[in-house]
Amino acid sequence: MAKYNYDKKVLKGLTPFPFLGEVKARNAAIAAAPAILPKSVYNANILGRRLHPAVQHCRIQKVVDHGDAKSFTLIPDRDRGTEALAYFRASQYVSVALNIDGAIVHKPYTIRSGPREALGSEGSYTLTIKRTQPAYASAWILEHWQEGDAVDISGPLGDFYYQDLRDAKHVIAIAGGSGITPFYSMAQAIVDGVEDFDLTILYGSRKADGILLKEEIEEVAARSSGRVRVVHVLSDEEQPRYEHGFITAELIQKYAPVGPYSVFMCGPKAMYVFGEAQCKRLGLPKRLYRMEMSGDYMGVVNNPDYPKDQIGKQYSLTVLIRGEKTQIPCKADESLLWALEKAGIKAPAHCRSGECGWCHSRLVKGQVYIPAEADGRRLGDIKFNWIHPCVSFPLSDIELEIFPTAD
Ligand code: FES
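Here the working numbering is used: position 214 in the sequence shown is 688, and no number is missing along the way.
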């Protein structure tokens with residue numbers, strides 16, 4: 475049997491000698507080079523900065539009042555260095571930097587407009603912000619933001635967008651209140667030819683006269699050649715041409731296509747608990763239903779595994795930033811992030827729900843409660859005591875090292 479399975483003759487002409495001088499030649503070239511880095515601008519870096527800017531400086535171009543919500547159109551503020559807004563995937567959010575009476579707060583809000591509207595130097599984002607209960611940042615924004623105001627936002631974030639490798643070609647969207655905003659963006663993207671799937675929105679509201687963006691979303695659906703459908707579901711009144719009650723498995727089935735479909739949910743936590751139960755009743759595999767998770771983790775004390783003897787307690791939080799310590803109070807039922815913000819400490823945060831990892835901090839001392847469904851830590855984080863303060867609630871006095879970013 476032949477020892478080699480290739481023709482050795484072709485290697486005969488090869489010799490290592492030409493390579494022996496390579497190291498010497500390279501060292502000589504390095505020694506002769508100037509001691510400054512060459513100025514190179516790589517397209518990949520330019521694109522990376524365009525798509526993922528740390529901060530986008532904007533101005534409010536237009537405000538539309540919807541009653542207990544407002545829509546704000548944001549455009550790039552060239553005077554402050556933002557030439558164009560970053561492109562995004564329909565349903566992504568930006569986190570808005572706010573200074574509310576000395577509290578430094580970052581709040582995530584979905585970009586309600588379609589991605590195509592962000593393109594070019596005249597591009598814009600529209601955020602529709604509804605007054606939430608308990609009202610804090612949303613109330614402050616609705617009362618303070620005016621046309622012409624300067625606003626700083628993050629780059630687009632979040633992964634609650636359509637992914638054709640995983641999601642079915644037909645999406646049933648379950649929306650509650652301002653949870654319509656990501657689906658509005660998806661609907662607009664379908665109309666613009668940016669996304670390619672069919673969308674049926676089951677839109678839950680209390681009463682017909684309180685439906686946020688009702689005319690606007692119906693107008694987008696009317697331009698979609700049948701690819702976007704909106705079904706209004708009223709919980710507190712019966713009206714002809716509206717569905718009544720909750721968004722149950724039966725209702726989903728009534729509007730679902732014959733073939734496979736995915737279910738996307740955006741709305742309050744109670745809606746997720748109910749919606750997930752309906753998806754399980756329908757026998758949907760986990761990969762075919764999901765929820766938008768950005769926003770404050772609410773109602774921690776109602777979790778079955780939350781230690782109820784903590785309710786009403788207050789602890790001390792020692793914050794370590796670049797070797798300097800500051801002591802502030804923190805309540806057991808409020809996240810560590812919230813305690814930092816109230817104390818005017820510029821803590822890094824975007825999603826506020828344990829998802830993005832931006833607030834990643836080191837727990838030096840103390841015990842915290844972390845809700846299982848919001849625990850986005852990796853095994854290494856758990857082993858070396860790294861936590862997400864946005865979803866960590868104190869069970870004792872705490873010492874925490876945080877790492878504020880420059881922006
Ligand atoms: S702000 Fe996103 S994980 Fe805490």
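Note that CB positions come from ideal geometry on N, CA and C, so glycine has one too.
Could you tell me which residues DSSP pairs with residue i in its beta bridges?
| i | result |
| --- | --- |
| P868 | V842 |
| A543 | K604 |
| G818 | Partner(s): none; G818 has no beta bridge. |
| N573 | I578 |
| A647 | I675 and F738 |
| P550 | C532 |
| S835 | I861 |
Along the alpha helix (DSSP H) that carries residue i, what are the first and last residues, could you check?
| i | result |
| --- | --- |
| P656 | T655 to V665 |
| E711 | Counting along the chain, E711 falls outside any alpha helix (DSSP H), and DSSP gives it neither H nor E. |
| M772 | Segment: none, M772 is in no alpha helix (DSSP H) and carries neither H nor E. |
| C753 | K743 to R755 |
| E693 | K688 to A696 |
| P508 | Looking at the DSSP string, P508 is not in any alpha helix (DSSP H), and its letter there is neither H nor E. |
Leaving aside the five residues before and after residue i along the sequence, list all residues of the same chain whose C-beta is less than 6 Å from its C-beta, in chain order.
| i | result |
| --- | --- |
| D855 | none |
| A571 | H580 and D626 |
| G773 | none |
| T584 | Y567, T655 and P656 |
| T800 | V793 |
| L756 | A723 |
How close, in whole Å, do the beta carbons of residue i and residue j come, if the pair is a contact with beta carbons under 8 Å?
| i | j | result |
| --- | --- | --- |
| G594 | G741 | Going by Cβ atoms, the distance from G594 to G741 rounds to 33 Å, so no, they are not a contact pair. |
| Y746 | M765 | 5 Å |
Which residues in the same chain as residue i place their Cβ atom closer than 7 Å to its Cβ, once the five residues preceding and following it in sequence are excluded?
| i | result |
| --- | --- |
| M660 | A564, S565, Y636, E669 and L673 |
| G818 | G576, A577 and I578 |
| G769 | P582, R826 and S827 |
What first and last residue would you give for the beta strand (DSSP E) that runs through residue i?
| i | result |
| --- | --- |
| D672 | D672 to S679 |
| A611 | That residue, A611, is in no beta strand (DSSP E); its alpha helix (DSSP H) goes A611 to H618. |
| K787 | Segment: none, K787 is in no beta strand (DSSP E) and carries neither H nor E. |
| D855 | Looking at the DSSP string, D855 is not in any beta strand (DSSP E); the run it does join, the alpha helix (DSSP H), is L853 to K857. |
| A624 | A624 to I627 |
Does the ligand FES have a heavy atom nearer than 7 Å to the CB of residue i?
| i | result |
| --- | --- |
| R836 | no |
| A823 | yes |
| H862 | yes |
| E847 | no |
| E829 | yes |
| G850 | yes |
| C833 | yes |
| R761 | no |
| R826 | yes |
Cutting at 8 Å between CB atoms, please list the residues of its own chain near residue i, excluding the five before and the five after it.
| i | result |
| --- | --- |
| R761 | R640 |
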